[in-house]
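Colleague: In the order they appear, the protein sequences are chains U and E.
Residue 1 is where the first sequence starts when you use this note's numbering, and the numbers rise one by one after that.
Residue 313 is where the second sequence starts when you use this note's numbering, and the numbers rise one by one after that.
After the structure tokens below, expect a handful of questions from me.
2 protein chains.
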Amino acid sequence: MNTGEFDLITHIRARVGQRTDVVLGIGDDAALLQPPAGRQLVITADTLNAGVHFPEATTAHDIGWKALAVNLSDLAAMGAVPAWCTLSLSLPTSDPAWLDGFLDGFLGLAQSHGIALVGGDTTRGPLAIAVTAIGTVEPGRALRRDGACVGDDIWVSGTLGDAAAALHAWPDPSTTLRERLDRPTPRVELGRRLAGIANAALDVSDGLLADLGHLCRASGVGAEVELTQLPASTALATYPLAARIAWQATGGDDYELCFTAPPARRGMLEALGVECDLPLTRIGRIVAGAGVRARDAEGQVWQPARPGYTHF
Amino acid sequence: MNTGEFDLITHIRARVGQRTDVVLGIGDDAALLQPPAGRQLVITADTLNAGVHFPEATTAHDIGWKALAVNLSDLAAMGAVPAWCTLSLSLPTSDPAWLDGFLDGFLGLAQSHGIALVGGDTTRGPLAIAVTAIGTVEPGRALRRDGACVGDDIWVSGTLGDAAAALHAWPDPSTTLRERLDRPTPRVELGRRLAGIANAALDVSDGLLADLGHLCRASGVGAEVELTQLPASTALATYPLAARIAWQATGGDDYELCFTAPPARRGMLEALGVECDLPLTRIGRIVAGAGVRARDAEGQVWQPARPGYTHF
Numbered sequence: 001m002n003t004g005e006f007d008l009i010t011h012i013r014a015r016v017g018q019r020t021d022v023v024l025g026i027g028d029d030a031a032l033l034q035p036p037a038g039r040q041l042v043i044t045a046d047t048l049n050a051g052v053h054f055p056e057a058t059t060a061h062d063i064g065w066k067a068l069a070v071n072l073s074d075l076a077a078m079g080a081v082p083a084w085c086t087l088s089l090s091l092p093t094s095d096p097a098w099l100d101g102f103l104d105g106f107l108g109l110a111q112s113h114g115i116a117l118v119g120g121d122t123t124r125g126p127l128a129i130a131v132t133a134i135g136t137v138e139p140g141r142a143l144r145r146d147g148a149c150v151g152d153d154i155w156v157s158g159t160l161g162d163a164a165a166a167l168h169a170w171p172d173p174s175t176t177l178r179e180r181l182d183r184p185t186p187r188v189e190l191g192r193r194l195a196g197i198a199n200a201a202l203d204v205s206d207g208l209l210a211d212l213g214h215l216c217r218a219s220g221v222g223a224e225v226e227l228t229q230l231p232a233s234t235a236l237a238t239y240p241l242a243a244r245i246a247w248q249a250t251g252g253d254d255y256e257l258c259f260t261a262p263p264a265r266r267g268m269l270e271a272l273g274v275e276c277d278l279p280l281t282r283i284g285r286i287v288a289g290a291g292v293r294a295r296d297a298e299g300q301v302w303q304p305a306r307p308g309y310t311h312f
Numbered sequence: 313m314n315t316g317e318f319d320l321i322t323h324i325r326a327r328v329g330q331r332t333d334v335v336l337g338i339g340d341d342a343a344l345l346q347p348p349a350g351r352q353l354v355i356t357a358d359t360l361n362a363g364v365h366f367p368e369a370t371t372a373h374d375i376g377w378k379a380l381a382v383n384l385s386d387l388a389a390m391g392a393v394p395a396w397c398t399l400s401l402s403l404p405t406s407d408p409a410w411l412d413g414f415l416d417g418f419l420g421l422a423q424s425h426g427i428a429l430v431g432g433d434t435t436r437g438p439l440a441i442a443v444t445a446i447g448t449v450e451p452g453r454a455l456r457r458d459g460a461c462v463g464d465d466i467w468v469s470g471t472l473g474d475a476a477a478a479l480h481a482w483p484d485p486s487t488t489l490r491e492r493l494d495r496p497t498p499r500v501e502l503g504r505r506l507a508g509i510a511n512a513a514l515d516v517s518d519g520l521l522a523d524l525g526h527l528c529r530a531s532g533v534g535a536e537v538e539l540t541q542l543p544a545s546t547a548l549a550t551y552p553l554a555a556r557i558a559w560q561a562t563g564g565d566d567y568e569l570c571f572t573a574p575p576a577r578r579g580m581l582e583a584l585g586v587e588c589d590l591p592l593t594r595i596g597r598i599v600a601g602a603g604v605r606a607r608d609a610e611g612q613v614w615q616p617a618r619p620g621y622t623h624f
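The structure is reproduced here in structure tokens:
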């Protein structure tokens with residue numbers, strides 16, 4: 001079955017949620033939005049390409065979910081409240097069943113975070129999903145990469161390495177690991193509540209050590225990480241230690257938040273973890289100098305076989 | 313030569329222009345923007361895929377130009393002032409010379425319209441360029457598709473059909489036609505100045521009659537178009553009449569503005585065309601009913617072989 005481009009757009013439009021600040025949504029040359037007074041905008045854009053960012057066998061639902069989730073994760077890492085997004089969808093063919101599954105995933109996640117799809121386009125081409133997400137934040141309260149201070153604790157949310165383990169076990173990972181790869185949970189609530197507590201933050205998409213390296217460069221500091229402290233899910237704990245450590249430290253695709261905060265805020269952060277129902281784990285500290293040093297159980301500096309995900 | 317993803321981002325970042333309302337640009341999880349007080353946001357997203365939206369032999373410069381131009385054209389059609397954009401660039405390989413050419417085109421056009429590139433990503437995949445562009449407009453002044461009134465004149469800017477003629481002559485179109493296909497000029501200044509004059513507007517991307525059909529549906533009106541009035545460039549005038557008319561009426565990729573306005577504003581519009589140094593041509597009128605009727609030199613209703621561009 002094949003349907004036209006304008007039918008596709010009509011179909012998407014009919015399923016999109018509303019926000020009162022969307023003056024004009026899908027259907028004109030562009031959308032019209034009323035930004036909230038006295039707030040800054042936070043904007044991010046991330047693309048998923050078939051075979052690069054997800055295995056070809058990934059379901060339409062999970063592709064839709066993940067395409068939005070990785071963008072919401074960037075908003076979370078800035079401490080922003082999600083507001084609006086655009087979707088550019090390149091499809092090899094027009095398949096209504098695939099599109100419905102995709103929209104179930106994309107719009108389901110959108111609804112749970114109150115973000116409205118306001119525009120975009122559908123084109124013919126190799127399967128690719130480009131999303132731009134916009135949120136808002138109180139001026140001066142955004143979580144940035146460049147605020148880490150010497151002496152800060154380094155924290156990470158949730159568990160690390162599950163997505164890499166799922167890819168290792170592909171096409172037959174356990175349900176738990178597969179869900180962590182295909183339907184990552186953007187830590188939006190945590191990010192919002194870290195504003196004013198954390199000195200610096202980012203999301204773990206390229207791999208913990210690589211991402212922490214970005215944070216250190218932006219802040220002009222170094223970092224020491226205790227590999228034994230990296231949080232692991234019970235599903236990951238069944239793997240040999242060496243593989244587990246590599247996935248946790250360098251695997252990427254985790255979409256947890258890594259952030260730094262002064263030791264005086266440990267109590268606040270422990271309470272916040274309980275309130276968000278999300279483990280927050282101290283994994284190291286910010287030091288003077290540059291670069292990220294990871295130490296193993298014997299205190300030896302650990303060298304990853306590959307530092308993190310890179311496209312080229 | 314091959315360079316890493318972070319080098320690519322660093323390279324792009326070094327070439328990006330600045331705006332004082334960009335609080336934090338490329339380099340964090342997301343950009344931070346200070347929206348102007350008392351204005352609405354206008355947001356659009358359009359993607360170009362290799363082999364679909366441009367011939368494979370198109371130069372990197374022209375691909376960069378066009379990827380931004382089609383988005384600026386959507387902002388123009390809303391009467392918006394361009395402000396910020398994001399760029400998601402999927403590349404099969406990392407080629408610094410190609411990237412520099414692409415950035416010459418993209419950032420050159422960006423600079424001339426004062427729009428700042430504030431974020432995005434570079435991924436490995438089939439060549440595709442997804443852009444989201446954001447502008448601002450005074451509340452209530454946006455040009456929409458749904459404001460056309462019975463009795464309005466229908467106007468179009470510039471000339472129509474050149475891009476279709478260039479594709480017809482591909483790979484060897486004349487320089488003039490090739491430039492119209494590869495480096496369309498978004499009518500940003502015209503769009504801004506039409507706010508308050510035009511009742512409805514859109515840009516001609518799918519083909520005049522198809523786009524006018526969208527406008528009529530949104531406004532609940534019909535349209536009558538005189539094919540003999542469609543403006544043609546001197547380059548196009550060398551082609552046989554039948555081909556020319558088809559390209560002008562249905563070819564698409566023109567990125568001119570089509571708009572409607574009451575006859576009482578003809579004088580204002582003629583003056584505006586002179587001030588913008590851009591021909592504005594009356595091509596028909598809005599009528600009661602529905603649908604678009606195009607009449608040829610004999611007054612006969614003309615049926616296009618294909619109504620306009622569609623992806624599926």
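Just so it is clear, CB atoms sit at the ideal spot from N, CA and C, and this is done for glycine as well.
Just so it is clear, the structure is predicted and the values come from calculations on it, not from any experiment.
With distance defined between alpha-carbon atoms, name the residue in G120(U), E138(U), L75(U), G151(U) nearest to R266(U).
Modeller: The option with the nearest alpha carbon to R266(U) is G151(U).
Colleague: Determine the burial state of E582(E): buried for a count of at least 16 other Cβ atoms within 10 Å of its Cβ, exposed for fewer.
Modeller: Looking at its Cβ environment, which holds fewer than 16 other Cβ atoms inside 10 Å, E582(E) is exposed.
Colleague: Once you ignore the five residues that flank A164(U) on each side, which residues in its own chain have a CB closer than 6 Å to its CB?
Modeller: Cβ within range, chain order: W247, G251.
Colleague: Got a sec: is the Cβ-Cβ distance from L548(E) to anything in chain U below 8 Å?
Modeller: With 8 Å as the cut-off, L548(E) does not count as an interface residue toward chain U.
Colleague: With 16 other CB atoms within 10 Å as the buried threshold, where does G315(U) fall?
Modeller: The structure shown does not extend to residue 315(U), since chain U is modelled only from 1 to 312, so the question has no answer here.
Colleague: For the stretch 544-583 of chain E, list the alpha helix (DSSP H) runs that are entirely contained and at least 4 residues long, ordered along the chain.
Modeller: For the stretch 544-583 of chain E, whole alpha helix (DSSP H) runs of length 4 or above, ordered along the chain, are 553-562.
Colleague: Less than 8 Å between the C-beta atoms of R594(E) and G508(E), yes or no?
Modeller: Cβ distance not < 8 Å, so R594(E) and G508(E) don't count as in contact.
Colleague: What number of angstroms, rounded off, separates the C-alpha of A214(U) from the C-alpha of T471(E)?
Modeller: At residue 214(U) the sequence reads His, which differs from the Ala that was named. So the two alpha carbons sit approximately 49 Å from each other.
Colleague: Where do the ends of the alpha helix (DSSP H) carrying G417(E) lie?
Modeller: Run containing G417(E): 408-425, per the alpha helix (DSSP H) assignment.
Colleague: Given that A440(E) touches chain U, what residues does it touch there, using C-beta distances under 7 Å?
Modeller: By Cβ distance, chain U contributes S90, G125, A128.
Colleague: Check the Cβ-Cβ distances between M1(U) and every residue of chain E, and say whether any is below 8 Å.
Modeller: With a pLDDT of only 32 at M1(U), under the threshold of 50, the placement of this residue in the model should not be trusted, and no figure is reported.
Colleague: Please report the distance separating the alpha-carbon of D474(E) from that of S402(E).
Modeller: Between D474(E) and S402(E), the C-alpha separation is close to 29 Å.
Colleague: Using a Cβ-Cβ cutoff of 9 Å, what residues of the stretch 457-469 of chain E are near chain U? List them in chain order.
Modeller: Cβ contacts with chain U: R457, D458.
Colleague: Would you kindly work out how many angstroms separate the C-alpha atoms of N2(U) and G51(U), rounded to a whole number?
Modeller: Any reading at N2(U) must be qualified, since the residue scores a pLDDT of 38, below 50, and its modelled position is unreliable; the value itself is stated next. Near 24 Å, if we compare the C-alpha coordinates of G51(U) and N2(U).
Colleague: Tell me which residues share the same chain as F54(U) and place their Cβ nearer than 7 Å to its Cβ, disregarding the 5 neighbours each side in the sequence.
Modeller: So the qualifying residues of the chain are L48, I63, K66.
Colleague: Counting C-beta neighbours from all protein chains within 10 Å, is the total for D28(U) 16 or more, i.e. buried, or is it exposed?
Modeller: The residue is buried, with at least 16 neighbouring Cβ atoms inside 10 Å.
Colleague: In whole angstroms, what is the alpha-carbon distance linking I338(E) and L439(E)?
Modeller: Those two C-alpha atoms are separated by around 22 Å.
Colleague: Mind checking if Q352(E) is an interface residue toward chain U, Cβ cutoff 8 Å exclusive?
Modeller: It does: the Cβ of Q352(E) has a partner Cβ on chain U nearer than 8 Å.
Colleague: Run through chain E and tell me which residues come within less than 9 Å of I43(U), C-beta to C-beta.
Modeller: In chain order: A342, A343, L344, L345, W396, T398, V430, G431, T444, I446.
Colleague: I think G188(U) touches P82(U), with their Cβ atoms under 8 Å apart; what is that distance to the nearest whole Å?
Modeller: Going by the sequence as given, residue 188(U) is Val instead of Gly. That belief holds up - the Cβ atoms of V188(U) and P82(U) are roughly 6 Å apart, short of 8 Å.
Colleague: Relative to the C-alpha of A30(U), which residue among A326(E), A342(E), R327(E), A388(E) is closest?
Modeller: Closest option to A30(U), Cα to Cα, is A388(E).
Colleague: List the residues of chain U that V364(E) touches, going by C-beta distances under 9 Å, in chain order.
Modeller: Within 9 Å Cβ-Cβ: S90, T123, R124, G125.
Colleague: Per DSSP, W396(E) is paired with what?
Modeller: Partner(s): A428(E), I446(E).
Colleague: Pull up the distance between the alpha-carbon of R607(E) and that of V613(E), whole angstroms please.
Modeller: C-alpha separation (whole angstroms): 5 Å.
Colleague: With DSSP collapsed to three states, give me the class of W65(U).
Modeller: Of the three classes helix, strand and coil, the one that applies to W65(U) here is helix, per DSSP.
Colleague: In the DSSP assignment, find the unbroken beta strand (DSSP E) run with D203(U) in it and report its ends.
Modeller: Here the beta strand (DSSP E) through D203(U) covers 200-203.
Colleague: Can you give the beta carbon distance from I355(E) to G119(U), rounded, assuming they're within the 8 Å contact cut?
Modeller: Yes, they are in contact, since the Cβ atoms of I355(E) and G119(U) sit about 6 Å apart, within 8 Å.
Colleague: Determine whether the Cβ of N511(E) lies closer than 8 Å to any Cβ atom of chain U.
Modeller: Not closer than 8 Å to any Cβ of chain U, the Cβ of N511(E) fails to qualify, so no.
Colleague: Would you call the stretch 89-104 of chain U and the stretch 202-222 of chain U touching, i.e. three or more CB-CB distances under 8 Å?
Modeller: Not touching, per the Cβ criterion.
Colleague: When we look at the beta-carbon of V156(U) and count the other beta-carbons within 10 Å, is it buried (16 or more) or exposed?
Modeller: So V156(U) counts as buried.
Colleague: Give the secondary structure of D341(E) by DSSP, where H, G and I count as helix, E and B as strand, and everything else as coil.
Modeller: DSSP places D341(E) in coil when its eight states are reduced to three.
Colleague: Roughly how many whole angstroms lie between the Cα atoms of L421(E) and T497(E)?
Modeller: Whole-angstrom Cα-Cα distance: 9 Å.
Colleague: So with Cβ pairs under 8 Å, would you call D386(E) a contact of chain U?
Modeller: At least one chain U Cβ lies under 8 Å of D386(E).
Colleague: Which term fits L553(E), buried or exposed, when burial requires 16 or more other beta carbons within 10 angstroms of its beta carbon?
Modeller: Exposed, because fewer than 16 other Cβ atoms sit within 10 Å of the Cβ of L553(E).
Colleague: Quick one: list the residues of chain U neighbouring M390(E), beta-carbon separation under 8 Å, in chain order.
Modeller: The contacting residues are D28, D29, A30, L32.
Colleague: Anyone know if the C-beta pair for T122(U) and L8(U) falls short of 8 Å?
Modeller: Yes, the pair counts as a contact, with Cβ atoms nearer than the cut-off.
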